[in-house]
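Numbering (the numbering used here), first residue to last: 740 to 1146.
Don't be surprised by glycine CBs; every beta carbon is placed ideally from N, CA and C.
All of these numbers come straight from a predicted model, not from anything done at the bench.
The structure appears below as structure tokens.
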Ligand SMILES: [Zn+2]
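Set out below in structure tokens:
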């Protein structure tokens, strides 16, 4: 991740760059970041910045060093690289969360197959999490990996042993080893196993701790860290990010940003729950299919193709929910407890299509969702889906006409 991909936090980015430029980084930095402010994204971007080959070659003509006064290089504003380049081999690996010198520790859960969990057991899921939900919280993460209903995440004693092992090795490719430790508050007394390595780290090791609640961090650990507290995001930063990253319409983005109280995760949740967007999208889709025709269909496909995969899947799930509402209404003659808008659309749909058509339609939506997950081309997929739905509805019309009793 690059600094540019981290929402807001301009002053903090400057501060981190400055610390690096002046070789004043402490061996253990603790970012105190309330949920949704971007503690983890900042740590990811900073780690990538530190390993970036371009940053290292430009900024240190002498031996690269993170700490201490060994480098006397005076940097001019021309040579100062303000972000990782995003293109060198080190950046490519860091961006895929697979750089051999950037290590991750985070809470894990035990499962049937893993009884001594450590972070590396979950590295594939972790990479997906960072990719899809860098602003996610502990709940979001544990939801992804838990097997049992009430699993609590924990940074285990096995993980602490593993950290000691990993960090005692030499770095592989970069001049530094970096450990991003997410949620140190989930370390219990086993966290004391880390004290020695934090207290007397090798000179090339940087600990980047990211906590949401510093009160819960072991005092022995807390006292060994340089603490940096992240401010909440501004409403403007959240609003702009919702519009740019999520394709949220400006008025909704503005409203959600105000409600989110500086928390980007909360804003995303709000947007997800806000019905207007998807309700309108569904109405537009049905209108394009039933009334307004090919030009409107193309426009609709263009718009949905711009959303991320998660949002596309969410929309399909929402449509399935509405179709199932219609099915239940047809089967029982009663509306299940749903929103007003969903009830209205379901009622209208029932005038157009029968149970069989609804079932075929839901099937098609499930298939589409499956293909989106496997990286299908969104434009082609939604275009084909739109045509299919058109035919599903048309066939019903034909069906009605041919079976309608003549009297
Ligand atoms: Zn780079």
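Within the same chain, Cβ atoms closer than 6 Å to the Cβ of residue 1074 are found at 1068 and 1082, the five residues on either side in sequence being excluded. Scanning 910, 898 and 1112 for the CA closest to the CA of residue 854 turns up 898. The beta carbons of residue 1120 and residue 1111 sit closer together than 8 Å. Relative to ligand 1, residue 791 has its C-beta within less than 7 Å of a heavy atom. Here residue 1101 really is in contact with residue 1059; their C-beta atoms are around 6 Å apart, less than 8 Å. At a cut-off of 7 Å, the beta-carbon of residue 823 counts as near ligand 1: some heavy atom of the ligand is closer than that.
When DSSP reads this structure, residue 893 sits in a beta bridge with 847. For a cut-off of 8 Å, the C-beta gap from residue 1065 to residue 1026 is around 17 Å, too long to register as a contact. Linking residue 851 to residue 989 through their CA atoms gives a straight-line distance of about 46 Å. Bridge partners of residue 965 according to DSSP: 768. The region 818-833 and the region 853-867 do not touch, with fewer than 3 CB-CB distances between them shorter than 8 Å. Collapsing the DSSP output to three states places residue 752 in a helix.
Taking C-beta atoms as the reference points, residue 1010 and residue 987 count as a pair closer than 8 Å. Rounded to whole angstroms, residue 908 and residue 849 show a C-alpha spacing of 27 Å. Taking C-alpha positions only, residue 930 is separated from residue 882 by approximately 24 Å. Contact check for residue 977 against residue 1125 fails: the beta carbons are separated by 8 Å or more. When 1018, 981, 1031 and 1020 are compared, the shortest CA-CA separation from residue 1007 is found for 981. An exposed status is given to residue 1114, since fewer than 16 other beta-carbon atoms sit within 10 Å of its beta-carbon. The C-beta of residue 1094 has fewer than 16 other C-beta atoms within 10 Å across all chains shown, which makes the residue exposed.
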